[in-house]
Amino acid sequence: MNNLSLYGWNDSLFQLKQTSQYKHLFHGRVSAVNKTNYEVITEGGLLLCELTGNLLYGRSLFELPCTGDWIIFQPFDDNKGIIVDVLPRKHTLFRKKSGTISDRQAIASHVDKAFIVQSLDANFSVRRTERFMVQVLEENIQPVLILTKSDLEFSRHQVDESLKHIARQIPIFFTSILSPETILPVRKFIRQGESIVFVGSSGVGKSSLINVLCERTVLPTSEISKSSGKGRHTSTRREMVLMDDSGILIDTPGVREFGLASDNPEALADIFDISDFAESCRFENCTHVDEPGCAVVEAVNNGLLKFEVYNSYLKLRKESWYFSTSEHEKRKRDKYFARVSDEAKRIKKR
Ligand SMILES: Nc1nc2c(ncn2[C@@H]2O[C@H](COP(=O)(O)OP(=O)(O)O)[C@@H](O)[C@H]2O)c(=O)[nH]1
Ligand SMILES: [Mg+2]
Ligand SMILES: [Zn+2]
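Residue numbers (the working numbering): 9 to 358.
Here you go:
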């Protein structure tokens with residue numbers, strides 16, 4: 009028997025369930041997504057579930073259940089079920105589906121914090137942190153930077169220096185699975201009932217960190233390959249685990265790079281900490297590229313704003329603009345086609 013409140017079930021989710029036509033059926037939380045079915049944690053235990061045809065064919069791909077989703081199901085047999093509805097999502101981490109212009113892919117839903125995990129070797133990249141941050145903040149999820157393998161050699165000064173411009177919006181932890189005192193602050197930072205998604209490249213130590221946080225081996229980790237010194241791929245699917253009297257941890261398979269699925273290019277100035285400069289620009293709608301009296305460009309010229317940071321800001325803003333415009337175009341187009349087909353039906357009826 010599972011107590012679903014340990015998995016984050018609460019009053020506001022209960023209220024959401026009441027809006028479903030299936031509110032009289034059971035609910036559960038998706039703990040892993042497999043190729044042809046879903047693992048769902050329910051009061052009665054773990055079920056393997058499939059989708060009804062209505063859900064499968066009536067929705068966009070990104071609306072299909074992802075790890076963390078709360079769903080309503082109809083049980084059958086001993087340990088199987090059919091998912092009949094997905095509760096409205098909140099705080100969902102998306103990425104741009106690779107190979108598309110503006111298709112979203114849901115990675116995890118109903119998450120409170122996103123641990124952006126990087127190891128303090130060649131994997132450490134401020135640019136990648138910024139990219140994850142933009143995506144995470146898009147859905148009001150709290151970003152947290154976890155720098156792992158702090159037992160390796162690295163320059164703390166250089167790392168701190170390179171993160172200065174985002175340090176105001178993101179808590180940063182240095183961890184090593186070899187020293188418990190570096191894990192304790194992270195453990196304390198996780199509140200009971202809170203859902204946390206771990207993102208980052210394969211081999212940076214996500215699963216190892218989850219294991220030490222849980223104080224037992226709940227996930228497999230990769231052995232360091234003797235020839236390359238690198239960890240091998242292990243996680244092939246997302247997994248949800250519980251920390252005793254604490255949070256719900258969601259591991260994801262390694263995601264190295266992340267196409268932005270961001271609809272809010274305007275929010276970027278805050279993330280990059282350049283809003284203070286932007287306030288003194290001559291034009292209110294300044295794009296901070298080539299306008300006269302642009303205080304952001306001036307800050308770059310004066311060395312108050314690092315060129316790499318400015319450059320990264322422009323790049324992500326462009327990507328976000330591109331994604332959101334294409335998405336709006338797509339919606340407009342869908343509406344247009346719906347209208348055309350309604351019109352066609354009317355003509356046929358006459
Ligand atoms: N030196 C060191 N190695 C670590 C640390 N955390 C994880 N590793 C190693 O990094 C490799 C990859 O770890 P894993 O947890 O599987 O990474 P994941 O792919 O992000 O889940 C494994 O060989 C771990 O033993 C750490 O804090 N210090
Ligand atoms: Mg892993
Ligand atoms: Zn400007």
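Cβ atoms here follow ideal geometry from the backbone N, Cα and C, with glycine treated the same way.
Since we're looking at a predicted model, the values are computed, not measured.
- As DSSP reads the structure, residue 169 sits in no beta bridge.
- No Cβ-Cβ contact shorter than 8 angstroms links residue 59 with residue 83.
- Set against 7 angstroms, the gap from the CB of residue 156 to the closest heavy atom of ligand 1 is smaller.
- In the DSSP secondary-structure assignment, residue 205 is bridged to 122, 258.
- Placement of the Cβ of residue 274 at a distance of 7 angstroms or more from every heavy atom of ligand 3 is found.
- Assignment of beta-bridge partners to residue 47 by DSSP yields 40, 56.
- Inclusion of residue 196 and residue 206 in the CB contact set at 8 angstroms is not warranted, their separation being larger than that value.
- The count of Cβ pairs closer than 8 angstroms, one atom from the segment 124–132 and one from the segment 145–156, reaches three, so the stretches are in contact.
- Restricted to the segment 123–164, the beta strand (DSSP E) segments that are unbroken, complete and at least 3 residues in length are 150–156, listed in chain order.
- Here residue 114 is not near residue 137, since their CB atoms are 8 angstroms or more apart.
- For residue 286, the enclosing alpha helix (DSSP H) has its first and last residue at 283–286.
- Shown here, residue 115 sits in a strand according to DSSP, grouped into three states.
- Annotation for residue 195: the continuous alpha helix (DSSP H) segment containing it runs 188–197.
- The nearest non-hydrogen atom of ligand 1 is 7 angstroms or more from the C-beta of residue 258.
- By the Cβ test, the segment 286–302 is not in contact with the segment 262–272, since fewer than three Cβ pairs between them sit closer than 8 angstroms.
- By a beta-carbon distance limit of 8 angstroms, residue 183 contacts residue 191. Their separation comes to about 6 angstroms.
- Around ligand 3, the residues selected by a Cβ distance under 5 angstroms to any of its heavy atoms are 289, 294, 296, 302, 304, following chain order.
- Contact check for residue 144 and residue 122: beta-carbon distance about 4 angstroms, within the 8 angstroms limit, so the pair qualifies.
- Residue environment analysis places residue 62 among the exposed positions, since fewer than 16 neighbouring C-beta atoms fall within 10 angstroms of its C-beta.
- Taken through DSSP and simplified to helix, strand or coil, residue 223 comes out as coil.
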